[in-house]
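Protein chains in written order, with the numbering used here: chain D, 3 to 206; chain W, 6 to 291.
By construction, the Cβ of each residue, glycine as well, lies at the ideal position given by its N, Cα and C atoms.
Scroll down for the structure; my scribbles are underneath it.
Encoded structure:
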């Protein structure tokens, strides 16, 4: 089911790489996963979802935001907020209040489709929807290029080291638990080395 | 299925690469031809004597000697790879939660390629290269100088460049190309081996351009790539190990920069690389 991706033999000999194309359809599996999550572990959607992509340099940040909003308005898409994380990726944040995951997924799909149709498909990194049970919060990260999801759960509470810094830790146990719970609802990323952390992403 | 991408091929680069591939193909033909001719001469003069002697010893001796020679050739072929793997053993593998690995993992997600391992290594320069060999997982080695002295966006550029060497299969290609050049060097007359070496190196330079371009498109930051190339280039790094020098042949920058381009350079000149990146910047801004 993977589209694009990888490098063919001829392209390899000529040193060309085809940009991987995103696969958006799997996003619509989220609402059914949410039902499983609430029934089994009591997690509910926070109503915040986001799309991360790599904005090319040479254009002011405000331009990107205006461009994206203009593109979304043209297709009667949702309102978005824009944030940039410390790795240089741009996050477009959608909010639904009260939390309505189906509406949120529709919005995320609209944002993704807009970016893809305007030629930014190759720069899409991931989509993120966050869930909380009141104390713990985790995100389901959707990898466009793979068409797979994985859970990202920051550990609750902070520990201090001898330098006084509070290192960021992941709640690996919860992540594995979520993977096992959701394997029937969503296509989950089998290679754990691809589960990159999204510290400081919107919604946490 | 939407548009494929707003960034098409770099025609100039594609044409240059095709030319280099053809050149290597021609060089291989010339090598084979030259070896064939020299063997024909050799056989003509000494062949009769050799065959006669072999049958004198009893032919199982001759077969045994041939097998031995074959084994020796195989061992020599694999020796280089193994030695590189051993030399790099002092490397420090970075854990999954380190910032550089997080950077690399995101690049892999963006480009949809499997994630190689990432390790720090001591080199007397800012550089990075790819290590790959039998029994050794693909690993990107980043020199500590680069890791501690370059800003994040430049480290990302270096990692993206090496990632595309992995994705394009350049380490394997390099081994084949070096083998061709070595064979020509040992078996063919000098004017042939010089031609073969230059052909092989011209293809290697195209691979550097391809990695630069693909990486700059992936990160969307050609200026960081340009800055990293300039920050890493040194006139002549004191790397004494022949194995490491060979490994760095697919490194981010060559261990030695002679200022102007030579036909047997492994890397293009800084100016040539900046030109390709400038075209990427134009594409991105359009």
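In the DSSP assignment, residue 54 of chain D is bridged to D:93, D:128.
Between the segment 137–146 of chain D and the segment 122–129 of chain D there are three or more inter-stretch CB-CB distances shorter than 8 Å, so the stretches are counted as touching. Using a 10 angstroms sphere on the CB of residue 91 of chain D, the tally of other CB atoms reaches 16 or more, which defines it as buried. Residue nearest to residue 158 of chain W within the set W:17, W:264, W:231 is W:231 (criterion: CA-CA distance).
Shown here, residue 262 of chain W sits in coil according to DSSP, grouped into three states, outside any helix or strand. Just so you know, the alpha carbons of residue 117 of chain D and residue 234 of chain W end up roughly 31 Å apart. Ranked by how close their Cα comes to the Cα of residue 30 of chain W, the residues W:104, W:156, W:200, W:144 have W:200 in first place. No Cβ of chain D is located within less than 7 Å of the beta carbon of residue 15 of chain W. Per DSSP, the unbroken beta strand (DSSP E) holding residue 154 of chain D starts and ends at 150–154. Not a single C-beta of chain D is nearer than 7 Å to the C-beta of residue 236 of chain W. Contact of residue 181 of chain D with chain W by beta-carbon distance below 9 Å is absent, the smallest such distance being about 16 Å.
Taken through DSSP and simplified to helix, strand or coil, residue 148 of chain W comes out as strand. For residue 204 of chain D, the secondary structure class from DSSP, reduced to helix, strand or coil, is coil.
The closest CA to that of residue 279 of chain W, considering only W:256, W:143, W:218, is found on W:218. Within the DSSP secondary-structure output, residue 83 of chain D pairs in a beta bridge with D:95. If you draw a 10 Å sphere on the C-beta of residue 103 of chain W, you find fewer than 16 other C-beta atoms in it, and that means exposed. Chain-order list of chain D residues neighbouring residue 108 of chain W: 89, by C-beta distance under 8 Å.
For the segment 155–194 of chain W, the continuous alpha helix (DSSP H) assignments of 4+ residues that do not extend past its boundaries occur at 157–172, 175–192, in sequence order.
Taking the C-beta atoms as reference points, residue 173 of chain D is found no nearer than 7 Å to residue 199 of chain D.
Under the DSSP assignment, residue 104 of chain W falls in the alpha helix (DSSP H) whose first and last residues are 104–116. Spanning the alpha carbons of residue 275 of chain W and residue 59 of chain D requires a straight line of approximately 21 Å. Contact between residue 221 of chain W and residue 282 of chain W holds, since their C-beta atoms are separated by about 6 Å, short of 8 Å.
Here the segment 251–264 of chain W makes contact with the segment 128–145 of chain W; the two share three or more CB pairs at distances below 8 Å.
The straight-line gap separating the alpha-carbon atoms of residue 119 of chain D and residue 288 of chain W is approximately 17 Å. Here residue 114 of chain D is near residue 53 of chain D, since their CB atoms are less than 7 Å apart. By the Cβ criterion, the segment 78–89 of chain D is not in contact with the segment 30–43 of chain W, since fewer than three pairs of Cβ atoms, one from each stretch, lie closer than 8 Å. Taking a cut-off of 8 Å on C-beta distances, the segment 36–43 of chain D does not touch the segment 87–101 of chain D, as fewer than three cross pairs fall below it.
Distance check between residue 152 of chain W and each of W:125, W:242, W:172 places W:125 closest, using alpha-carbon atoms only. A residue is called buried once 16 or more other Cβ atoms fall within 10 Å of its Cβ, and residue 207 of chain W is buried on that count.
When beta bridges are read from the DSSP output, residue 143 of chain D appears opposite D:130, D:152. Within the DSSP secondary-structure output, residue 134 of chain W pairs in a beta bridge with W:146. Per DSSP, residue 122 of chain W is one residue of the beta strand (DSSP E) stretching across 122–126.
In this structure, the straight-line span from the alpha carbon of residue 191 of chain W to that of residue 43 of chain W is close to 12 Å.
With 16 or more neighbouring CB atoms inside 10 Å of its own CB, residue 107 of chain D falls in the buried class. Sequence-ordered contacts of the segment 112–126 of chain W with chain D read 113, 114, 115, 116, 117, 118, 119, 120 [C-beta pairs closer than 8 Å].
For the segment 226–251 of chain W, the residues whose beta carbon sits under 9 Å from a beta carbon of chain D are, in order, 226, 227, 228, 229.
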